[in-house]
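In the working numbering, each residue carries its 1-based index in the first sequence increased by 140. Have a look at the structure below, then the notes.
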Amino acid sequence: MKVNYRKNRVEVEGISDDFEPEHIFECGQCFRWNKELDGSYTGVAKNKILNIEKKGEKIFFNNTSKKDFLEIWVDYFDLNRDYSIIKNHIRDEKLDDIIEFGKGIRILDQDEWETLVSFIISANNRILMIKRVIENLSQKYGDYIGTYKGNKYYSFPTSEKLNLTTENEIRMMKTGFRAKYIKDAAEIVSNDKDWLYSLKGLNYDTALEEIKKIKGVGDKVGNCILLFSMNKYEAFPVDIWMKRIMGEIYGIKGKPEDIRKKSEKIYGKYSGFAQQYLFYYASQGKLKDI
DNA sequence: CCACAGGGCGGCA
DNA sequence: TGCCGCCCTGTG
């Protein structure tokens, strides 16, 4: 990986085979990145506005500094990982086309609190709606961060801020029946941040057991939180798309939790990466091609 | 108007 | 323990 630092911009070369903005931002792991008219993606993370643009072999990290790139974005985009090793580890004859289809996916390292609330909202919900609800919450209870390419950006609300709102106010953000779960989570986390942020240091099984103590967090949502914010790469979230594709290509059927355990046996410590390639493939309507 | 999509909870066997 | 009805919103 070769990095050039410019004014307000960082250019990265040498990872283009394993970095496709569309794959990264449309594979269901994040909800605050949106495509601009020029094809680049703009999003908010860690209270910063970043724009990502791929041109040929180069990846442009726009609207950022060398300091933030090194302190925030290298970890956020998992830039120190060699994804060819991951791909070779999980690859089997069934996965060749599936990995190729989503070859530019990287698993983002997102904030635990934001990920917890985002995936509580994701329960029984579609991506478009999830994004809308998170935007509502951020505009209403987050802080204005700045304007970029004509759009205003707001930080994700803190647990303290959401704990000061009522369940009904949260419901007004179109959270539906999940409002009380968000309110409960805000109360627990704002009173004991250490609990949430210490889960990253626990093993997968223990962290999963702990996070499921939050109302609205079951097996699927819990695995998403572990995978997308706690570096638990053996996590394997099973939703309706994963149920379909695992049945289709491996003949694995049953309850979501059973499908997860069987899949984790197949892919081992990199199950989460396999899940992302599989989910992206299935959710983009490619199941019929199998 | 109705059907449907999408995880987790809680009540009841 | 396992199953099933229900929660909420938006779209076709």
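In this text, a Cβ means the ideal position worked out from N, Cα and C, and glycines have one as well. A quick note: this is a predicted structure, and the numbers were derived from the prediction, not measured.
Mark residue 165 as exposed unless 16 or more other C-beta atoms lie within 10 angstroms of its C-beta, in which case mark it buried.
buried
Report yes if the C-beta distance between residue 187 and residue 285 is below 9 Å; otherwise report no.
yes
What residues in its chain sit with their C-beta under 7 Å from that of residue 206, if we drop five residues either side in the sequence?
145, 150
Helix, strand or coil for residue 407, going by three-state DSSP, please let me know.
helix
Excluding sequence positions up to five away, which residues of its chain have a Cβ less than 7 Å from the Cβ of residue 217?
246, 248
Return the bridge partner residues of residue 192 from the DSSP annotation.
181, 201
Below 7 Å CB to CB, which residues in the same chain sit around residue 239 once its five sequence neighbours on both sides are set aside?
227, 231, 417
Taking 7 Å as the limit between beta carbons, can you name the residues of its chain near residue 203, skipping five residues before and five after?
148, 189, 190, 191, 288
How long is the line joining the alpha carbons of residue 427 and residue 383, rounded to whole angstroms?
12 Å
Between the Cα of residue 250 and those of 269, 185, 221, 271, spot the shortest distance and give me the residue it belongs to.
185
Cα-Cα separation between residue 179 and residue 161, rounded to whole angstroms
9 Å
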